[in-house]
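Under this note's numbering, the sequence shown has 249 at position 248, and the numbering climbs by one with no breaks. Reading through the structure tokens given below for one structure.
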Amino acid sequence: MLHIGCHLSSSKGYAHMGREALSIGADTFQFFTRNPRGGSVKPLDPADILALGTLLAEHGFAKVVAHAPYTLNTCAADENLRVFARETMADDLARLEYLPGNYYNFHPGSHVKQGVEAGIAMIAETLNAVLRPDQHTTVLLETMAGKGSEVGRTFEELRAIIDRVEHAEHLGVCLDTCHVWDGGYDIAGDLDGVLETFDRVIGLERLKAVHLNDSMNPLGAHKDRHAKIGEGHIGTAALSAVTNHPALRELPFCLETPNDLQGYAAEIALLRSLAR
Ligand code: FE
Ligand code: FE
Ligand code: ZN
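See the structure below:
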């Protein structure tokens, strides 16, 4: 069975997201752990988080994905920004221990003129500071489009980060279809080839989740503008081939397309109807 959902707002609490997911036919979803543009976070409500955990188990959800604020930059040149990123991630991971066994996805970072090697070293340094041997959350590095100085456009860069992390058993990768397409990986023309490359460079066992998005831009554009399913350059057939691929089909898929809830419900229904 296809495990699919979308990005949901956590503003009304955790258990509310579970009910919202059910109402649109989702059996997984993604949410920001806190204000995506800043770092502010509501006080921890363990009962609410535990209620979501009960709902997920009762309804047979796949793993869900908590997304770090996208303004965090674990390889910023300014040390204060790196410390902020580290403290935020550590706090998020501590909170996620109330929802054990799920995923925490983050954008590796932007090296901003320091060079990709320096960026990779700082990202790994952050992960080494926040990962705990006994934690119950797998941290996912998201594949990036290569906009500006984003680290993580190539599979080699992600591999280089993983290689420098001590508790790499808690690391995985989240493949964003729009990002890899914009990064130059032709998932529409040669999905098998892209996955073979991923397997050779990183290892498919690290691939834990997929962000399912169409792209407003052509292959290799390095832009990162998500489109609705079928309204971009990747297309519905290629995206449904992603959800049906034998190496991917058991993973949780999260839509991050520009939609309201009804639009997400329609895309979830469409992709379920195309599931083989
Ligand atoms: Fe993301
Ligand atoms: Fe994404
Ligand atoms: Zn994106």
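We treat Cβ as the ideally placed atom computed from N, Cα and C, and that holds for glycine. Quick caveat, the model's predicted, so the values are computed rather than measured.
Give the straight-line distance between the Cα atoms of Gly190 and Ile235, rounded to the nearest whole angstrom.
As a first step, residue 190 must be located in the sequence shown, where it is residue number 189. As a first step, residue 235 must be located in the sequence shown, where it is residue number 234. Each residue's Cα considered, the two are about 9 Å apart.
So what does Asp177 bridge to, in DSSP terms?
Translated into the one-based positions of the sequence shown, residue 177 becomes position 176. Looking at the DSSP output, Asp177 sits in a beta bridge with His212.
Can you look up Glu170 in the DSSP assignment and give me helix, strand or coil?
Stepping through the sequence shown from its first residue, residue 170 is reached at position 169. If DSSP states are grouped into helix, strand and coil, Glu170 belongs with the helices.
Among Glu158, Thr178, Leu45, the one whose alpha carbon lies nearest that of Thr258
Looking up residue 258 in the sequence shown gives position 257. Comparing Cα-Cα distances from Thr258 to each of Glu158, Thr178, Leu45, the minimum goes to Thr178.
What does a CB cutoff of less than 6 Å around His108 pick up in its chain, not counting 5 residues either side in sequence?
Residue 108 sits at position 107 when you count from the first residue of the sequence shown. Closer than 6 Å at the Cβ level, and outside the excluded window around His108, lie Tyr71, Glu143.
So Phe254 is in the beta strand (DSSP E); what residue range does that whole segment cover?
Indexing the sequence shown from 1 puts residue 254 at position 253. 253-256 is the extent of the beta strand (DSSP E) around Phe254.
If you count every other CB in all the chains shown that lies within 10 Å of the CB of Arg207, and 16 or more means buried, which is it?
Residue numbering aside, residue 207 sits at position 206 when the sequence shown is read from its first letter. Counting the other CB atoms within 10 Å of its CB gives Arg207 a total of 16 or more, which places it among the buried residues.
Exposed unless 16 or more other CB atoms sit within 10 angstroms - verdict on Pro253:
In the sequence shown, residue 253 corresponds to position 252, counting from 1. Answer is buried; the Cβ neighbour count reaches 16.
When you compare only the Cα positions, how much space is there between Ala146 and Leu53?
Looking up residue 146 in the sequence shown gives position 145. Looking up residue 53 in the sequence shown gives position 52. One Cα belongs to Ala146, the other to Leu53, and the distance between them is close to 32 Å.
Sub-7 Å separation of Ile162 and Ala125 beta-carbons
Residue numbering aside, residue 162 sits at position 161 when the sequence shown is read from its first letter. Residue numbering aside, residue 125 sits at position 124 when the sequence shown is read from its first letter. Yes, these two residues count as a Cβ contact at 7 Å.
Quick check on the burial criterion: 16 or more other C-beta atoms within 10 angstroms. Buried or exposed for Leu45?
Residue mapping note: residue 45 aligns to position 44 of the sequence shown, counting from 1. By the beta-carbon neighbour count (other beta carbons within 10 angstroms, threshold 16), Leu45 is exposed.
Whole-angstrom distance between Lys43 and Ser11, CA atom to CA atom:
Along the sequence shown, read from residue 1 onward, the residue named residue 11 stands at position 10. Along the sequence shown, read from residue 1 onward, the residue named residue 43 stands at position 42. In a straight line, the C-alpha of Ser11 is about 10 Å away from that of Lys43.
What is the residue span of the beta strand (DSSP E) that Tyr104 lies within?
On the sequence shown, residue 104 is found 103 positions in, with the first residue counted as 1. Note, Tyr104: beta strand (DSSP E), 104-107.
Enclosing beta strand (DSSP E) for Ile5 [first to last residue]:
For this step, residue 5 is matched to residue 4 along the sequence shown. Unbroken beta strand (DSSP E) run through Ile5: 4-9.
Taking 6 Å as the line, does the beta carbon of Glu143 fall inside it for any heavy atom of ligand 1?
Residue 143 sits at position 142 when you count from the first residue of the sequence shown. Checking every heavy atom of ligand 1 against the Cβ of Glu143, one is found closer than 6 Å.
Note down the Cα distance separating Ser41 from Cys255, rounded to an integer number of angstroms.
As a first step, residue 41 must be located in the sequence shown, where it is residue number 40. As a first step, residue 255 must be located in the sequence shown, where it is residue number 254. Using only the alpha carbons, I get a separation of about 24 Å.
Grab the span of the alpha helix (DSSP H) containing Glu98 for me, first residue to last.
What you label residue 98 is simply residue 97 of the sequence shown in a count that begins at 1. Looking at the DSSP string, Glu98 is not in any alpha helix (DSSP H), and its letter there is neither H nor E.
Can you tell me whether Leu57 is buried or exposed? The criterion is at least 16 other CB atoms within 10 Å of its CB, across all chains shown.
Here residue 57 refers to the residue found at position 56 when the sequence shown is read from its first residue. Buried, since its Cβ has 16 or more Cβ neighbours within 10 Å.
Count the other CB atoms, across all protein chains shown, that sit within 10 Å of the CB of Gln263; report buried if there are 16 or more and exposed otherwise.
Here residue 263 corresponds to residue number 262 of the sequence shown, with the count starting at 1. Counting Cβ neighbours within 10 Å, Gln263 comes out exposed, since fewer than 16 surround it.
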